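Protein chains in written order, with numbering that gives the first Met the number 0: chain H, 0 to 156; chain X, 0 to 120; chain L, 0 to 685. Beta carbons: idealized from backbone N, C-alpha and C, even for Gly. Source: prediction; values computed, not measured. Here the structure comes first, spelled out in structure tokens, and everything after it is commentary.
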Amino acid sequence: MSRRNLRAADIRVFSEAVRDFFAATTSESAEVRSAYVLEGDEAILWNDYNGLIEVDGGFSGCIAFSAPRGLLSHVLLRMGDQEFSDANHCDIVGEIANILSGSARRHFGEGLRISTPTALPGRGPCVPRPADRTAYAIPLRWNGYEADLVINLESCG
Amino acid sequence: MKLLIVDDSMVMRNHIARLSSDGSLPEVEIVGLAANGRDAVAQARRRGPDCITMDLTMPEMDGEACIGELARLLPRARILVVSALSDKATALRAIRRGAHGFVHKPFTEEQLRQALRELMS
Amino acid sequence: MQPKLGARARNYRDLVLAIALFLVLDLGVLVFNFYASGRIAADTSKINASGELRMYSQQLTKAVLTLAQETRDGMPFQTSQAQITESYQNFSKALTALSERQDANPLTRLLSGASIEQEAELLQAVATYWQPIDSALAPVLHAMSRQIPPDPIDVEITVNKLVARNIRLMQLANDLTQHLEQQAMASTRQLRTIQVAAIMLALVNFAFIILKFVRALRQSDRAAEAAREETEEILDTLREGLFLLNRDGTIGSQRSASLERLFDRELRDGERFAGVLGGLVSAESASVAMEYVDLLFHDRIKGGLLGQLNPLDEVALSQTAEGARETRHLSFDFAQVRREGKVIALLVSVHDISEKVRLRRELAGAEEQARGEVELLLAALDQEPALITAFLDAAQAKCLEMNEDLRQVEASPRAYAGMIDRQYRAVHTIKGEAGLLGFGHIEREAHQVEEELSALRGRRAVNGNDLIPLAVALNALRQQLDRLREISAKVRGYAGKPVLDPLDALLRQVERFTRETARDLSKEVEFEAVATPLSRVPPALSQLLREAVPQLVRNAVVHGIESADERLRAGKSAAGRIRVVVEPREDDLVAVSVWDDGRGICADTLRHELVALGRKSKEEVAQMNDREVVAQLFEPGFSTATAVNRHAGRGVGLDLIRALLTRLGASLRVSSQPKHYTKFTLLVKA
Numbered sequence: 000m001s002r003r004n005l006r007a008a009d010i011r012v013f014s015e016a017v018r019d020f021f022a023a024t025t026s027e028s029a030e031v032r033s034a035y036v037l038e039g040d041e042a043i044l045w046n047d048y049n050g051l052i053e054v055d056g057g058f059s060g061c062i063a064f065s066a067p068r069g070l071l072s073h074v075l076l077r078m079g080d081q082e083f084s085d086a087n088h089c090d091i092v093g094e095i096a097n098i099l100s101g102s103a104r105r106h107f108g109e110g111l112r113i114s115t116p117t118a119l120p121g122r123g124p125c126v127p128r129p130a131d132r133t134a135y136a137i138p139l140r141w142n143g144y145e146a147d148l149v150i151n152l153e154s155c156g
Numbered sequence: 000m001k002l003l004i005v006d007d008s009m010v011m012r013n014h015i016a017r018l019s020s021d022g023s024l025p026e027v028e029i030v031g032l033a034a035n036g037r038d039a040v041a042q043a044r045r046r047g048p049d050c051i052t053m054d055l056t057m058p059e060m061d062g063e064a065c066i067g068e069l070a071r072l073l074p075r076a077r078i079l080v081v082s083a084l085s086d087k088a089t090a091l092r093a094i095r096r097g098a099h100g101f102v103h104k105p106f107t108e109e110q111l112r113q114a115l116r117e118l119m120s
Numbered sequence: 000m001q002p003k004l005g006a007r008a009r010n011y012r013d014l015v016l017a018i019a020l021f022l023v024l025d026l027g028v029l030v031f032n033f034y035a036s037g038r039i040a041a042d043t044s045k046i047n048a049s050g051e052l053r054m055y056s057q058q059l060t061k062a063v064l065t066l067a068q069e070t071r072d073g074m075p076f077q078t079s080q081a082q083i084t085e086s087y088q089n090f091s092k093a094l095t096a097l098s099e100r101q102d103a104n105p106l107t108r109l110l111s112g113a114s115i116e117q118e119a120e121l122l123q124a125v126a127t128y129w130q131p132i133d134s135a136l137a138p139v140l141h142a143m144s145r146q147i148p149p150d151p152i153d154v155e156i157t158v159n160k161l162v163a164r165n166i167r168l169m170q171l172a173n174d175l176t177q178h179l180e181q182q183a184m185a186s187t188r189q190l191r192t193i194q195v196a197a198i199m200l201a202l203v204n205f206a207f208i209i210l211k212f213v214r215a216l217r218q219s220d221r222a223a224e225a226a227r228e229e230t231e232e233i234l235d236t237l238r239e240g241l242f243l244l245n246r247d248g249t250i251g252s253q254r255s256a257s258l259e260r261l262f263d264r265e266l267r268d269g270e271r272f273a274g275v276l277g278g279l280v281s282a283e284s285a286s287v288a289m290e291y292v293d294l295l296f297h298d299r300i301k302g303g304l305l306g307q308l309n310p311l312d313e314v315a316l317s318q319t320a321e322g323a324r325e326t327r328h329l330s331f332d333f334a335q336v337r338r339e340g341k342v343i344a345l346l347v348s349v350h351d352i353s354e355k356v357r358l359r360r361e362l363a364g365a366e367e368q369a370r371g372e373v374e375l376l377l378a379a380l381d382q383e384p385a386l387i388t389a390f391l392d393a394a395q396a397k398c399l400e401m402n403e404d405l406r407q408v409e410a411s412p413r414a415y416a417g418m419i420d421r422q423y424r425a426v427h428t429i430k431g432e433a434g435l436l437g438f439g440h441i442e443r444e445a446h447q448v449e450e451e452l453s454a455l456r457g458r459r460a461v462n463g464n465d466l467i468p469l470a471v472a473l474n475a476l477r478q479q480l481d482r483l484r485e486i487s488a489k490v491r492g493y494a495g496k497p498v499l500d501p502l503d504a505l506l507r508q509v510e511r512f513t514r515e516t517a518r519d520l521s522k523e524v525e526f527e528a529v530a531t532p533l534s535r536v537p538p539a540l541s542q543l544l545r546e547a548v549p550q551l552v553r554n555a556v557v558h559g560i561e562s563a564d565e566r567l568r569a570g571k572s573a574a575g576r577i578r579v580v581v582e583p584r585e586d587d588l589v590a591v592s593v594w595d596d597g598r599g600i601c602a603d604t605l606r607h608e609l610v611a612l613g614r615k616s617k618e619e620v621a622q623m624n625d626r627e628v629v630a631q632l633f634e635p636g637f638s639t640a641t642a643v644n645r646h647a648g649r650g651v652g653l654d655l656i657r658a659l660l661t662r663l664g665a666s667l668r669v670s671s672q673p674k675h676y677t678k679f680t681l682l683v684k685a
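Now the structure itself:
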């Protein structure tokens, strides 16, 4: 009955974290294009590479970053990497998931249990989500590509 | 200054390597890249680095255990923890094992270079 | 700092010079003493020699007289001979000595020049007077040295000379002695004066040194005192807590006064930080903090590289015994103090950040309050299910559209602006309908969305990040709508209430809405609804009654109906009257009219406002007829309410109605008489 929804500030923490990653790592900011709510039973992950953390405790749910291969290849290039292997592309989304995990810890405090960040390649099996839990999608544009940050969290308090 | 870079993400390893070998830190010479704690210890034994950047969350011996091992092996080496982890107690414990400083991920190029400079001074 | 340093150097230079002068003076007095004692000795020996001259002259005369007697008597003269030789030699020696000591040193000459001249003259006189005696005596002495009796004639000459000159010679010698004695006395006096003067000078100099030294000492004492006072003053007035944390874990004695206030307790010297912290924060925080502090004391740790891990960055204080107070939050900052590479202490600064934390909490608190409104929702549920369903269908469809709009929007300022306008209209309708149905919480959520949109409208450059609050507010609105649907379904399941005539139900909602609006604005209003029964309520009429009529009624209450005072002054009843009439017209039309007995629409007042709002120039409004002026009410963005509240002033109401009417193919007529009434008539197909 009294479950509290995420506040805009809670969501901003993650969009800022991703923006920071791009700004710091590639010195070109990612631009948040919009923000909307995923309808009904839409799945969370839907792009070439997906970084994911799951949380439990004060809040439960997951935070995911998913990006097309081209975007990640470009990031690799910016970081001076010449090898565009699956593993390297996975590494980037994994690193972003890692940073999202740090942000979650900082923002929501030590009470949160956060899973090890996982990096999943491919559009294959999607992570389902409970239909009654709001998932915010934040499409981000970087260098002409579009990636998505999905925040699917709900307070358990 | 011989530098060993330890991070389970290959991209992050290469990123740090590139940032510290593009001429902005002329005294740095990268002697090794390790993807996990065990590999880091093995490389440290062979190459005797002066500085080590260290991720904390890694498979096969995590950063904390690895720092303890490295500090024992190379008491003169300086260790910089580079991590997105913000569970402060864990980070402090890792540093107590023998590290010298902490840099938060994500970092800008200048933040990392500045931290490395301070580490070597 | 620079001038102070200069003054100090000058002080030192003066002192060094004074001490050097003192030494030179003392040394001078010492050297002069040597000279003076030498001079006094010389003077004494001169006086003696001068006395001897007198004595030996007398002795010589006596001996020569004896010799003359003995020569005359033919007696042996060994005795007198020895005496003569001795006297003569002694006299000559004294005389020589006196002349030799004549040209002493230049200093003496300088000190007693005239007296020395006189001394030389007197000596010369003695010598001159002595010369003939010396000559006369020469043969006698010569004979005696050869052990032969001297020639009596020589003796006689000598005797004569001696007798004749002795008195005078003695007189001269006496004069010389006296002069020498006087001279000695004078020079002794002189020397004493000089010595006294020099010693006085040395003493003055010494006093100067002492004075200077004491002053410098006091000055430096004062400076040290001032510096100490300054430090204390700084420590006393600092708002932040500041202290040195020593290696042994104790809090240093130099600390800011505010520290005790921040910690809300007294601090003793040498108290341990761990103990103090343990009493302030939770055991867990304290233990992590002490670990951090301990790490900072490791010389290898670079403090600058550890700031991101500070666990006392923001820490809540545990409640004290009195408990009731709000939890305070402190922020500690640590900086390593190193000496020769070793960390000897930590400089700790403490800030009270309770206010910052409280503000953050308050934001969260406002949301808590909103949650309680769900209870109100239940109370408001004695609504007509058909109306709720219609409202929910429309509102949820709009929300879905809005969300889809957010999803699809292009990242360009134009696209953002277009979307914001579309959403504004949509949410305004939801808000109006929710208000009409008495769903205060939904109305508030819709208002929140409207607020977010307003904020975005006012912004020059909107970026995607700015849309996050909008998505969140929209989601909150959707969740309220979902909850309403859930509950209404449940309620419908239980209730077997008879359903009212739909037109009647719609008019009741309008009535309820009118009363609420009037109450919110503290206006007295009498509402009357007149409806001719209809065989069915056409959808267009239903929509008019749900969306357009409430806006018109709202406008009537906000803009039309005057305050009670104003009405009484105008000879009207205190309560304003609003009448809504639904009646069929010919040509298959239904008319809905909203009438009020308020201040009416005054074309001239509107002209004024159009100019004041900058929408039209003076010339333009002058050329418009009254009809055209009134038509401006239906242009987007025109509003005449002064304060923004949820009832009016957003400038959307009438342009929204116009858009709705266009969509429904309905028409609108306005008739009004200033100070008497306004009537809006809507015509729609039956």
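Review point. Per DSSP, which one or two residues make a beta bridge with V80 (chain X)?
Key: Beta-bridge pairing links V80 (chain X) to X:M53, X:F101.
Practice item. Closer than 8 Å by C-beta to S44 (chain L): which residues in its own chain qualify, once you throw out the five before and the five after it? Chain order, please. Key: Spatial neighbours of S44 (chain L) in its own chain (CB-CB distance under 8 Å, excluding positions within 5 residues in sequence) are listed in chain order as A96, R100.
Exercise for review: Please decide whether T133 (chain H) counts as near chain A, where near means a Cβ-Cβ distance under 8 Å.
Suggested key: In the displayed structure, chain A is absent; the protein chains listed are H, X and L.
Check your understanding: Do V593 (chain L) and V581 (chain L) have their C-beta atoms within less than 8 Å of each other?
Key -> The answer is no: Cβ separation not under 8 Å.
Review point. What does S100 (chain H) touch in chain X if you count any residue whose Cβ is under 7 Å from its own?
Key: Within chain X, the residues placing a beta-carbon under 7 Å from that of S100 (chain H) are A83, ordered along the chain.
**Study point:** Span of the alpha helix (DSSP H), counted from its first residue to its last, around S14 (chain H)
**Key:** Looking at the DSSP string, the run of the alpha helix (DSSP H) that includes S14 (chain H) is 7–25.
Exercise for review: Return the chain-ordered list of same chain residues with a C-beta closer than 6 Å to the C-beta of A16 (chain X), the five sequence neighbours on each side being excluded.
Suggested key: Here the set comprises I4, I29.
Practice item. Measure the alpha-carbon distance for L69 (chain X) versus M57 (chain X) and round it to whole angstroms. Key: When rounded, the separation of the alpha-carbon atoms in L69 (chain X) and M57 (chain X) is 15 Å.
Review point. Can the beta-carbon of S102 (chain H) be found less than 8 Å from the beta-carbon of V12 (chain H)?
Key: Going by C-beta atoms, S102 (chain H) is nearer than 8 Å to V12 (chain H).
Review point. Whose CA, out of L:P105, L:G73, L:Q117, L:L122, lies closest to the CA of A686 (chain L)?
Key: The question about residue 686 (chain L) has no answer here: the residues shown for chain L are numbered 0 through 685.
Point to revise | Close Cβ partners of I46 (chain L) (< 8 Å) along its chain, the five nearest in sequence each way excluded | key: If we look at I46 (chain L) and ignore the five residues flanking it on each side, its Cβ neighbours are T176, L179, E180, A183.
Practice item. Flag this pair as yes or no: are the beta carbons of A425 (chain L) and M401 (chain L) separated by less than 8 Å? Key: Going by C-beta atoms, A425 (chain L) is nearer than 8 Å to M401 (chain L).
Check your understanding: DSSP beta-bridge partners for Q335 (chain L)?
Key -> DSSP lists L:L345 as partners of Q335 (chain L).
**Study point:** Start and end residues, beta strand (DSSP E) containing V27 (chain X)
**Key:** Careful: V27 (chain X) lies outside any beta strand (DSSP E) and carries neither H nor E.
Check your understanding: How about S252 (chain L) and E239 (chain L): do their beta carbons lie closer than 8 Å?
Key -> Contact check for S252 (chain L) against E239 (chain L) fails: the beta carbons are separated by 8 Å or more.
**Study point:** Limits of the beta strand (DSSP E) - the one that G575 (chain L) falls within
**Key:** The continuous beta strand (DSSP E) containing G575 (chain L) extends over residues 575–584.
**Study point:** Near-chain X residues of the segment 78–90 of chain H - C-beta to any C-beta below 7 Å
**Key:** If the cut-off is 7 Å between Cβ atoms, the segment 78–90 of chain H has M78, G79, D80, A86, N87, D90 near chain X.
Review point. What residues are listed by DSSP as bridge partners for W141 (chain H)?
Key: In the DSSP output, where bridge partners are listed per residue, W141 (chain H) has H:Y144.
Review point. Hey, how far is the Cα of G570 (chain L) from the Cα of G434 (chain L)?
Key: One C-alpha to the other measures close to 32 Å.
Review point. Does the beta-carbon distance from L452 (chain L) to Q422 (chain L) come in below 8 Å?
Key: Yes, these two residues count as a Cβ contact at 8 Å.
Practice item. Determine which residues share a DSSP beta bridge with H350 (chain L) and list them. Key: Beta-bridge pairing links H350 (chain L) to L:S330.
**Study point:** Neighbour list for F101 (chain X) in chain L, Cβ cutoff strictly below 7 Å
**Key:** Under the 7 Å cutoff, chain L gives L304, L305, Q307, L308.
Review point. Short check: CB of I98 (chain H) to CB of P105 (chain X), under 8 Å?
Key: Yes, Cβ-Cβ distance for I98 (chain H) and P105 (chain X) is below 8 Å.
Review point. So, is the C-beta of M0 (chain L) closer than 8 Å to a C-beta in chain H?
Key: Any reading at M0 (chain L) is ruled out, since the residue's pLDDT is 41, under 50, leaving its predicted position unreliable.
Check your understanding: By Cβ distance below 7 Å, which residues in the same chain neighbour S28 (chain H) in space, the five residues on each side in sequence not counted?
Key -> R18, F21, A22.
Review point. By Cβ distance below 8 Å, which residues in the same chain neighbour A378 (chain L) in space, the five residues on each side in sequence not counted?
Key: The pLDDT assigned to A378 (chain L) is 47, lower than 50, so where the model puts this residue is not dependable; a value taken from the coordinates is nonetheless given after this. Nothing listed; no residue qualifies.
Review point. How long is the line joining the alpha carbons of G140 (chain H) and Q447 (chain L), rounded to whole angstroms?
Key: Here residue 140 (chain H) turns out to be Arg, not Gly, going by the sequence shown. The alpha-carbon atoms of R140 (chain H) and Q447 (chain L) are separated by roughly 28 Å.
Review point. Closest Cβ-Cβ distance between T52 (chain X) and chain H: below 8 Å?
Key: By this cut-off, T52 (chain X) is not an interface position.
Exercise for review: Using the Cα positions of T326 (chain L) and M9 (chain X), report the straight-line distance between them to the nearest angstrom.
Suggested key: Each residue's Cα considered, the two are about 45 Å apart.
Check your understanding: Hey, does S8 (chain X) have any beta-carbon neighbour from chain H nearer than 8 Å?
Key -> Answer yes: the Cβ-Cβ gap between S8 (chain X) and chain H drops below 8 Å somewhere.
Review point. Is it true that the CB of L115 (chain X) sits closer than 8 Å to the CB of L73 (chain X)?
Key: Contact: no.
Practice item. For E290 (chain L), return the contacting residues in chain X, with the cut-off set at a CB-CB distance below 8 Å. Key: The answer, in chain order, is A88, L91, R92, R95.
Practice item. Compute the beta-carbon to beta-carbon distance between F107 (chain H) and F58 (chain H), rounded to the nearest angstrom, for a pair I have assumed lies under 8 Å. Key: In this structure, F107 (chain H) and F58 (chain H) form a Cβ contact; the two beta carbons are roughly 6 Å apart against a cut-off of 8 Å.
**Study point:** Given 8 Å, three or more beta-carbon pairs between the segment 541–552 of chain L and the segment 654–667 of chain L
**Key:** Contact check between the segment 541–552 of chain L and the segment 654–667 of chain L: three or more CB pairs, one atom from each, fall below 8 Å, which counts as touching.
Exercise for review: Under the assumption that P673 (chain L) contacts C601 (chain L) (Cβ atoms under 8 Å), give the Cβ distance between them as a whole number of angstroms.
Suggested key: 4 Å between Cβ atoms; contact.
Review point. Which residues, in chain order, does the segment 338–357 of chain L contribute to contact with chain X at a C-beta distance below 7 Å?
Key: For the segment 338–357 of chain L, which is checked against every Cβ of chain X, not one residue is closer than 7 Å.
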